[in-house]
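> Start counting the sequence shown at 62; every next residue gets the next number (the working numbering). Note that beta-carbon positions come from the ideal geometry of N, C-alpha and C, so glycine has one too. Could you have a look at this structure, given as structure tokens, before my questions?
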Amino acid sequence: MKTILVTGGTGSLGRPTVEALRAAGHHLRILSRRPGSDHVRGDLTTGDGIAAAFEGVSTVLHLATSRGHADVRQTENLIEHAKAAGVGHLIFSSIVGVDRIPLAYYRDKVTIESLIAESSVPFTILRATQFHDLIDEMLTAQRFLPALLAPAIPLQPVSVEEVAERLTELAAGPPSGRVADLGGPERITVPELARAWRLAKRSRRPVLPLRVPGKTFRAFATGAALAEATQLTHGTFDDYLTGRYGVRK
Numbered sequence: 062m063k064t065i066l067v068t069g070g071t072g073s074l075g076r077p078t079v080e081a082l083r084a085a086g087h088h089l090r091i092l093s094r095r096p097g098s099d100h101v102r103g104d105l106t107t108g109d110g111i112a113a114a115f116e117g118v119s120t121v122l123h124l125a126t127s128r129g130h131a132d133v134r135q136t137e138n139l140i141e142h143a144k145a146a147g148v149g150h151l152i153f154s155s156i157v158g159v160d161r162i163p164l165a166y167y168r169d170k171v172t173i174e175s176l177i178a179e180s181s182v183p184f185t186i187l188r189a190t191q192f193h194d195l196i197d198e199m200l201t202a203q204r205f206l207p208a209l210l211a212p213a214i215p216l217q218p219v220s221v222e223e224v225a226e227r228l229t230e231l232a233a234g235p236p237s238g239r240v241a242d243l244g245g246p247e248r249i250t251v252p253e254l255a256r257a258w259r260l261a262k263r264s265r266r267p268v269l270p271l272r273v274p275g276k277t278f279r280a281f282a283t284g285a286a287l288a289e290a291t292q293l294t295h296g297t298f299d300d301y302l303t304g305r306y307g308v309r310k
């Protein structure tokens, strides 16, 4: 049985991906700074413990992410050790629109995609749209404001569990390069998402659509975060709200 190493296995995408991989019967090794039953200690930033973590690994799911430029350095370390270990498949989860939206975090993702594609390690890159959880967190962060501030931009939010299922499918298959983007089943504006969230939270706060000057907002507003060549999922934001808060719009 092949061994799959997962980075970022305790994150918002990592947790459901680990669950899906386990359910599919894969033998897992989860890279972590803290040891555990199926965790192996290693630090992608410093490189400490990484060589041992890669021993006997055939596939790597790179789901770890950091702010700043640490993402790039971590991926450079990962690729170096993947080459040395003879890894046959490196899978990276990226974001739809990273090459069209001028955010520093997104530019790092583009750099990482290039590093992986230009390495000698066989790879698969999956871009997905924003997770339902991210929309929820963005609105929850405004809990002390008198109104919900909602950028007037379209999104195509996706269920993180369905992204995890797709990554599990890819892990069972051959390296495929850049695969079709994964997007949610509906294109919906953030103000519409905010109104649905407000109802689920039984809030009466007004929703204030925002238009912000600048290239970043303009990119989002013109659909840069929407999946083009895409594979659609099934779960809507309403489905997410019902599962989390028990209320349907």
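1) For Glu-198, count neighbouring C-beta atoms within 10 Å of its own C-beta (all shown protein chains included) and say buried if the count is 16 or more, exposed if not.
2) Does the distance from the C-beta atom of Leu-44 to that of Ala-232 stay below 8 Å?
3) Tell me whether Thr-297 sits in a helix, a strand or coil according to DSSP, three-state version.
4) Which parts of the region 84-163 are runs of the beta strand (DSSP E), unbroken and 3 residues or longer, counting only runs that do not cross its ends?
5) If you run the structure through DSSP and keep just helix, strand and coil, what is Arg-265?
6) Tell me whether Ala-178 is buried or exposed, calling it buried when 16 or more other Cβ atoms sit within 10 Å of its Cβ.
7) State the Cα-Cα distance for the pair Ile-140 and Ala-285, rounded to the nearest angstrom.
8) With 16 as the cutoff for other CB atoms within 10 Å, does Glu-222 come out buried or exposed?
9) Is the separation between the beta-carbon of Thr-294 and that of Val-240 shorter than 8 Å?
10) Determine which residues share a DSSP beta bridge with Leu-271 and list them.
11) Do you know offhand how far Lys-276's Cα is from Gly-296's?
12) Express the C-alpha separation of Arg-76 and Gly-304 in angstroms, rounding to a whole number.
13) Can you check which of these residues, Asp-299, Ser-154, Ala-112 and Phe-115, is closest to Asp-132 by C-alpha distance?
14) What number of angstroms, rounded off, separates the C-alpha of Leu-228 from the C-alpha of Leu-187?
15) Starting from Arg-227 and walking both ways along the beta strand (DSSP E), at which residues does that stretch end?
16) Name, in chain order, the residues that DSSP records as bridge partners for Asp-242.
17) Considering only the alpha carbon of each residue, which of Gly-72, Ala-84 and His-87 lies closest to Ser-93?
18) Short of 8 Å in beta carbon distance, which residues of its chain neighbour Ile-162, apart from the five on each side in sequence? Order them along the chain.
19) Short check: CB of Thr-311 to CB of Gly-244, under 8 Å?
In terms of the structure at hand:
1) Here residue 198 is taken as the residue at index 137 of the sequence shown, counted from 1. Classification of Glu-198: exposed, given that the 10 Å Cβ count is below 16.
2) In the structure as shown, the chain begins at 62 and stops at 310. Residue 44 is therefore absent and cannot be evaluated.
3) Here residue 297 is taken as the residue at index 236 of the sequence shown, counted from 1. In the structure shown, Thr-297 adopts coil according to DSSP, grouped into three states.
4) Qualifying beta strand (DSSP E) stretches, in chain order: 88-93, 100-102, 118-123 and 150-156.
5) Taking the first residue of the sequence shown as position 1, residue 265 is located at position 204. Here Arg-265 sits in coil by DSSP.
6) Along the sequence shown, read from residue 1 onward, the residue named residue 178 stands at position 117. Its Cβ having fewer than 16 others within 10 Å, Ala-178 is exposed.
7) The residue given as residue 140 occupies position 79 in the sequence shown. The residue given as residue 285 occupies position 224 in the sequence shown. Whole-angstrom Cα-Cα distance: 29 Å.
8) Numbered from 1 along the sequence shown, position 161 holds the residue referred to as residue 222. Classification for Glu-222: buried.
9) Residue mapping note: residue 294 aligns to position 233 of the sequence shown, counting from 1. Residue mapping note: residue 240 aligns to position 179 of the sequence shown, counting from 1. No. Outside cutoff.
10) Sequence index remark: in the sequence shown, residue 271 carries index 210 (1-based). Looking at the DSSP output, Leu-271 bridges to Pro-212.
11) Start at 1 with the first residue of the sequence shown, and residue 276 comes out as number 215. Start at 1 with the first residue of the sequence shown, and residue 296 comes out as number 235. Put simply, the backbone Cα of Lys-276 is about 31 Å away from that of Gly-296.
12) Taking the sequence shown and counting its residues from 1, one reaches residue 304 at position 243. Taking the sequence shown and counting its residues from 1, one reaches residue 76 at position 15. Roughly 17 Å separates the two Cα atoms.
13) Stepping through the sequence shown from its first residue, residue 132 is reached at position 71. Shortest Cα-Cα distance from Asp-132 to any of Asp-299, Ser-154, Ala-112 and Phe-115 involves Ser-154.
14) Start at 1 with the first residue of the sequence shown, and residue 228 comes out as number 167. Start at 1 with the first residue of the sequence shown, and residue 187 comes out as number 126. In a straight line, the C-alpha of Leu-228 is about 8 Å away from that of Leu-187.
15) Residue 227 sits at position 166 when you count from the first residue of the sequence shown. From DSSP, Arg-227 is part of no beta strand (DSSP E) but of the alpha helix (DSSP H) over 221-233.
16) Counting from 1 along the sequence shown, the entry for residue 242 is found at position 181. In the DSSP output, where bridge partners are listed per residue, Asp-242 has Thr-291.
17) As a working note, residue 93 is residue 32 in the sequence shown. Comparing Cα positions, the closest option is Gly-72.
18) Position 101 of the sequence shown holds residue 162. Contacts found: Thr-277, Ala-280, Phe-281, Ala-285 and Ala-286.
19) Summary: the structure shown does not reach residue 311, with the chain confined to residues 62 through 310, and so no result is reported for it.
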